[in-house]
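Below is one structure, written out as structure tokens; comments come after it.
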Amino acid sequence: VTSQLVDGKAWDRTVDWIATNNADIEKDSKSKGNYADNSEITFNNTQYAEHVVQFDTTDGGSVDKGWKSIKEYKFGTFKSGWKSSWGKSEGENPNLFNVLKEEGKTYAYNHYVEMATGASENTKLNNIYDLAGNMNEWTTETGYHDVTEKTTEFAVIRGGGFNFESINCPVSIRRGLGSADTAVPSTGFRVVLYVK
């Protein structure tokens, strides 16, 4: 057995194969993925982790302070999708707030939930888990934001993440996230195994 990072051709062939049993999945993957706008799906008895993007709103602005994560997985029930909260109080999630708070600051938070890969049968398509949503996935493809000058090369991601809306990121999506050393909680990878 040999392995490698999935390439664009393998991803496209897999999507075509999945689409034979799931009409329109290439254009609308909402019912089969953990997306930011998919509050219709409840995941039961599932491992998950919470992440937030934090904004400093102390001076009436909205300064992006970046991702803050609780890195340990919980086990329980959650609804897909995202929610916003703000303020200096602990609100409904004191453990998360304690990780984020700074004295005298007021913050807004966008909360997102990442599901452990393969944790729910709701996201299985032809025995493949989480191809749509949950995690953006690196591929071996690269491209350029400026196709004329070719100055900014990016690594291509596929499938959409838990902080993306399904309408913009169906399973067939191809996007340039940034350079290959970009690290965010919503981006991972999938290994392809070849049996000789």
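Here the sequence shown is numbered in the numbering used here, starting from 8 and rising by one per residue.
All C-beta atoms, glycine included, are put in the ideal place defined by N, C-alpha and C.
Could you have a look at residue i and say whether DSSP puts it in helix, strand or coil?
i	result
V106	Any reading at V106 must be qualified, since the residue scores a pLDDT of 49, below 50, and its modelled position is unreliable; the value itself is stated next. In this structure, V106 counts as helix in the three-state DSSP scheme.
D137	coil
T194	strand
V178	coil
D63	strand
S38	helix
N29	coil
T189	coil
V13	coil
D23	helix
W74	strand
N45	coil
N170	coil
T113	coil
E79	coil
T149	strand
T130	helix
Pick out whichever of the options has its Cα sitting closest to the Cα of residue i.
i	options	result
E79	F62, T130, E57 and W89	E57
Q204	K34, N28, D71 and F82	In the structure as shown, the chain begins at 8 and stops at 203. Residue 204 is therefore absent and cannot be evaluated.
A123	Y136, Y116 and A115	Y136
T149	F196, G68 and L184	L184
S173	I48, G195, T9 and F196	I48
D35	W24, N175, E156 and T65	N175
R182	Y151, T155 and D23	Y151
E160	M142, G67, S186 and N170	S186
K37	R197, K131 and H118	K131
Measure how close the beta-carbons of residue i and residue j come, nearest whole angstrom, since I'm counting them as under 8 angstroms.
i	j	result
E121	P192	7 angstroms
I180	G168	That pair is no contact at about 10 angstroms.
S46	K86	5 angstroms
W89	A43	4 angstroms
F62	K72	6 angstroms
If we call anything under 9 angstroms between Cβ atoms a contact, is residue i one with residue j?
i	j	result
L12	V202	no
V163	T189	no
N51	T84	yes
Y116	V178	no
N129	N29	no
T9	T65	no
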